[in-house]
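Only one structure is covered here, and it is reproduced in the block below.
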Amino acid sequence: MNSFVAARTLTEYPRGSHRWSLLILTVLASILGAYDFQLAPLLPILLPYLHMSHTAYGAFITFTVLISGISAFFGGPLADRYGRVLIIDVCLGLITALLFLNVLITNIVTFVILRLLMGIVAGLTAGAGAALIRDMSPRLSRALAFGLLTIGPVGANFLSNYVAGATLPIYHTWQSQIWIMGFFAIAMYIPIVLWLCDLSPELRMQIMKTEIQALAAEGRLPSASELPSSTGDAFRRLLGHMEVWLLVIGITANLTLYFAIQGFGPLMFTEAFHYSPAEAARMNEYFWLANLAALVLTGLVSDRLQTRKPIAIFGGILASILMAWWIPKFGTEMPRA
184 MNSFVAARTL TEYPRGSHRW SLLILTVLAS ILGAYDFQLA PLLPILLPYL
234 HMSHTAYGAF ITFTVLISGI SAFFGGPLAD RYGRVLIIDV CLGLITALLF
284 LNVLITNIVT FVILRLLMGI VAGLTAGAGA ALIRDMSPRL SRALAFGLLT
334 IGPVGANFLS NYVAGATLPI YHTWQSQIWI MGFFAIAMYI PIVLWLCDLS
384 PELRMQIMKT EIQALAAEGR LPSASELPSS TGDAFRRLLG HMEVWLLVIG
434 ITANLTLYFA IQGFGPLMFT EAFHYSPAEA ARMNEYFWLA NLAALVLTGL
484 VSDRLQTRKP IAIFGGILAS ILMAWWIPKF GTEMPRA
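Using this note's numbering, you'd call the opening residue of the sequence shown number 184 and step up by one each time.
As structure tokens, then:
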């Protein structure tokens, strides 16, 4: 293990095309971690097979997200101790193996056990993947960096809906989609396990010192009394700021649309608008494709203007207006365009 970590650890900060290639590999790892969980395009045929209600499925994915969140608390320290790339490689390999085992699902019990195991393993990679993208991102392009991080789950949603829309008319079964997803996952996993690298702890410390020097040059360096005495103290101080809770509330409200479409988008189109499962997947594919474009464009604009809040407020208002128009249309015939 030590030799593997040593071979995949950089002692000099990557530059130019090397850094961008590592950033792309990190984004690919984020896509893979989310892609293995994409069941939404299969739900119109999977839920009747399992005799599982929509309410039961909603309760299950809510519980799985909670368990993954708890798992992430343990994954961060593990990544710091053993290396981010090691945690990413091992966990993505386990998730891909568990994905293939999904073809053995025969009832609700086997479904819950397998998907819960996948959720636990995925939670372990959350901190490592986010930290690695930050390490490989330019210091002054933070919005674009977080846009690239979000490309992981959004890109996974697009890919799963695109594949389902193209192949469901041919193979018709949810098991066929699991096999297709599994082979796509292997294709993404190979370059990750071969070439993805991490920064050494000493190198990360140098970057942190450089950022501290930049703050000092701008006259924004905190005094010794203002610095936290420990990680726990820093976390408590963070939770004491009202701005943090306002961000949590705003982001949670904004993500309700994201998670509704992610979990139930194809079901909305099959049941409310009477599309076939393949057509529903294609309609969701358009949603995620537009989301991908918006992530990159918004990140570039935000970094160029060096402003965040006005863009976030504008996006939230626009999304609310579109939802107010769309929700009353449920159950009515709508033109495809």
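The C-beta atom is built at its ideal place from N, Cα and C for all residues, glycine as well.
Rounded to whole angstroms, what's the CA-CA distance from residue i to residue j? Just pull it up for me.
i       : j       : result
Leu-323 : Leu-233 : Here Leu-323 scores only 48 on pLDDT, less than 50, and its place in the model should not be relied on; the value that follows carries that caveat. Each residue's Cα considered, the two are about 49 Å apart.
Ala-368 : Val-304 : 15 Å
Gly-241 : Ala-189 : 43 Å
His-201 : Glu-385 : 19 Å
Asn-237 : Leu-382 : Reading off the sequence, residue 237 comes out as His, not Asn. Their Cα atoms are separated by approximately 44 Å.
Leu-269 : Arg-519 : 46 Å
Phe-243 : Asn-290 : 14 Å
Gly-415 : Gly-446 : 34 Å
Gly-330 : Gly-216 : 16 Å
Pro-511 : Gly-448 : 16 Å
Ala-455 : Phe-513 : 6 Å
Phe-220 : Gly-498 : 27 Å
Met-517 : Asn-344 : 21 Å
Leu-429 : Pro-231 : 40 Å
Tyr-458 : Met-451 : 9 Å
Thr-356 : Thr-490 : 47 Å
Asn-474 : Ile-444 : 12 Å
Val-431 : Thr-247 : 20 Å
Ile-168 : Gly-365 : For the chain, the structure presents residues 184 to 520; residue 168 sits outside this window and is missing.
Arg-198 : Ala-239 : 49 Å
Gln-358 : Ala-280 : 15 Å
Gly-423 : Glu-462 : 48 Å
Val-273 : Ile-214 : 16 Å
Arg-317 : Thr-515 : 45 Å
Val-484 : Met-235 : 44 Å
Glu-420 : Val-427 : Note on identity: in this sequence residue 420 is Arg, with Glu being the wrong assignment. Taking the straight line joining both Cα atoms gives about 10 Å.
Asn-437 : Ile-496 : 10 Å
Tyr-196 : Asp-486 : 22 Å
Asn-467 : Asn-340 : 8 Å
Leu-249 : Phe-257 : 13 Å
Leu-488 : Phe-442 : 29 Å
Ile-500 : Gly-252 : 28 Å
Asp-263 : Trp-509 : 45 Å
Tyr-265 : Met-425 : 35 Å
Using 10 angstroms around the beta-carbon of residue i, count the other beta-carbons present and answer buried if the total reaches 16, otherwise exposed.
i       : result
Tyr-372 : buried
Ile-504 : exposed
Leu-222 : buried
Arg-267 : buried
Ile-353 : exposed
Tyr-469 : exposed
Leu-480 : exposed
Ser-413 : exposed
Ser-186 : exposed
Gly-482 : buried
Phe-294 : buried
Leu-229 : buried
Leu-275 : buried
Thr-194 : exposed
Ile-288 : buried
Ile-278 : buried
Ile-434 : exposed
Under 8 Å between the Cβ atoms of residue i and residue j?
i       : j       : result
Thr-209 : Leu-379 : yes
Leu-351 : Pro-460 : yes
Leu-478 : Thr-333 : yes
Gly-259 : Gly-310 : yes
Ala-255 : Gly-306 : yes
Ile-361 : Val-286 : yes
Leu-154 : Tyr-218 : This structure does not reach residue 154, given that the chain is present from 184 up to 520, and the question cannot be answered.
Ile-375 : Leu-261 : no
Leu-472 : Met-319 : no
Ala-370 : Ala-464 : no
Closer than 7 Å: is that where the CB of residue i sits relative to any heavy atom of the ligand FAD?
i       : result
Cys-380 : This structure simply doesn't include the ligand FAD, nor any ligand for that matter.
Which whole-angstrom value is the C-beta distance of residue i and residue j, which I expect to be below 8 Å?
i       : j       : result
Leu-440 : Ala-502 : 6 Å
Pro-227 : Thr-453 : 5 Å
Leu-271 : Gly-302 : In the sequence as displayed, the identity of residue 271 is Ile instead of Leu. No, Ile-271 and Gly-302 are not in contact; Cβ-Cβ is about 16 Å, not under 8 Å.
Leu-297 : Leu-315 : Contact flag wrong, Cβ pair sits at about 27 Å.
Mind checking who residue i pairs with in its DSSP beta bridge?
i       : result
Thr-192 : Asp-381
For chain C, find out if any of its Cβ atoms is closer than 8 Å to the Cβ of residue i; answer yes or no.
i       : result
Leu-284 : Included in the structure is just one protein chain, with no chain C present.
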